[in-house]
Amino acid sequence: MEIGSQVLAFFVLFTYCSFFEWFIHRHIMHVKRFPLHDAFRGHTLVHHQIYHGANFQVRPKGRAPSVVLRWYAFPGMLLFHLPFFALFQWLTGWQIFWGAALGCTLYFAGYEYTHYLMHVPRGHFVERFRWFQFLREHHRLHHKYMLRNLNVFIPLADVCYGTLVTAEGWRSKPAKRRRFLARRRSETRS
Ligand SMILES: [Zn+2]
Ligand SMILES: [Zn+2]
Numbered sequence: 002m003e004i005g006s007q008v009l010a011f012f013v014l015f016t017y018c019s020f021f022e023w024f025i026h027r028h029i030m031h032v033k034r035f036p037l038h039d040a041f042r043g044h045t046l047v048h049h050q051i052y053h054g055a056n057f058q059v060r061p062k063g064r065a066p067s068v069v070l071r072w073y074a075f076p077g078m079l080l081f082h083l084p085f086f087a088l089f090q091w092l093t094g095w096q097i098f099w100g101a102a103l104g105c106t107l108y109f110a111g112y113e114y115t116h117y118l119m120h121v122p123r124g125h126f127v128e129r130f131r132w133f134q135f136l137r138e139h140h141r142l143h144h145k146y147m148l149r150n151l152n153v154f155i156p157l158a159d160v161c162y163g164t165l166v167t168a169e170g171w172r173s174k175p176a177k178r179r180r181f182l183a184r185r186r187s188e189t190r191s
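The sequence shown begins at 2 in this note's numbering and counts up one residue at a time.
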């Protein structure tokens with residue numbers, strides 16, 4: 002039972018982190034807010050400026066400044082959540098603390114690792130996967146349309162909040178419209 006509740010807590014927290022990532026990215030990293038304006042500066046004013054447009058990826062062997070988050074981002078995020086896990090475990094008696102902490106840790110590691118490879122291609126194995134290429138395109142569109150695609154790692158919250166855009170979606174619309182108009186013209190003629 003204990004393992005079961007830890008595993009469940011792992012998946013619940015991993016999923017929750019998609020929403021947490023979305024919220025922090027949308028309301029802290031893209032909005033200047035005291036006392037967290039350093040996150041806004043580092044992300045909107047520095048990261049987005051450096052990796053804008055054709056500069057989305059650094060050239061081979063190029064320097065890659067301001068890709069990873071500040072050193073205190075992960076400890077801060079974990080320290081913020083741990084008391085809630087402890088409180089929940091204490092109140093319910095369900096053993097969830099370590100599973101929940103691991104869910105957060107793995108989400109954060111996945112975020113940093115994939116985001117780094119998106120901007121700094123290293124020829125790692127994961128770069129060959131289609132899901133990684135999808136995420137890289139998803140994040141490239143975020144650098145283009147700043148308040149869209151606010152997830153970096155798992156775009157679940159983007160789907161739920163309607164902030165997901167895909168290259169296919171933007172491109173297919175004019176084509177769809179043309180096909181629709183052509184069909185209607187042919188119908189009125191016959
Ligand atoms: Zn980025
Ligand atoms: Zn951003």
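Even for Gly, the Cβ is constructed at its ideal location relative to N, Cα and C.
Keep in mind the model is a prediction, meaning the values are calculated, not measured.
Is the closest heavy atom of ligand 2 to the C-beta of residue 28 under 7 Å?
-> For residue 28, the CB stays at least 7 Å from every heavy atom of ligand 2.
Buried or exposed by the 16-neighbour rule on C-beta atoms within 10 Å, applied to residue 168 | Counting the other CB atoms within 10 Å of its CB gives residue 168 a total below 16, which places it among the exposed residues.
Which value, in whole angstroms, describes the spacing of the CA atoms of residue 79 and residue 145?
-> Taking the straight line from one Cα to the other gives about 30 Å.
If we call anything under 8 Å between Cβ atoms a contact, is residue 120 one with residue 65?
-> Yes, these two residues count as a Cβ contact at 8 Å.
How is residue 151 classed by DSSP in three states: helix, strand or coil?
-> Of the three classes helix, strand and coil, the one that applies to residue 151 here is coil, per DSSP.
Whole-angstrom Cβ separation of residue 101 and residue 24, contact assumed at under 8 Å?
-> Going by Cβ atoms, the distance from residue 101 to residue 24 rounds to 18 Å, so no, they are not a contact pair.
Tell me whether residue 180 sits in a helix, a strand or coil according to DSSP, three-state version.
-> In the three-state reduction of the DSSP assignment, residue 180 falls in the helix class.
Nearest-angstrom Cα separation, counted from residue 90 out to residue 30 = The straight-line gap separating the alpha-carbon atoms of residue 30 and residue 90 is approximately 31 Å.
Rounded to the nearest angstrom, how far is the Cβ of residue 224 from that of residue 124, given a contact under 8 Å?
-> Here the chain comprises residues numbered 2 to 191, so residue 224 is not present and cannot be evaluated.
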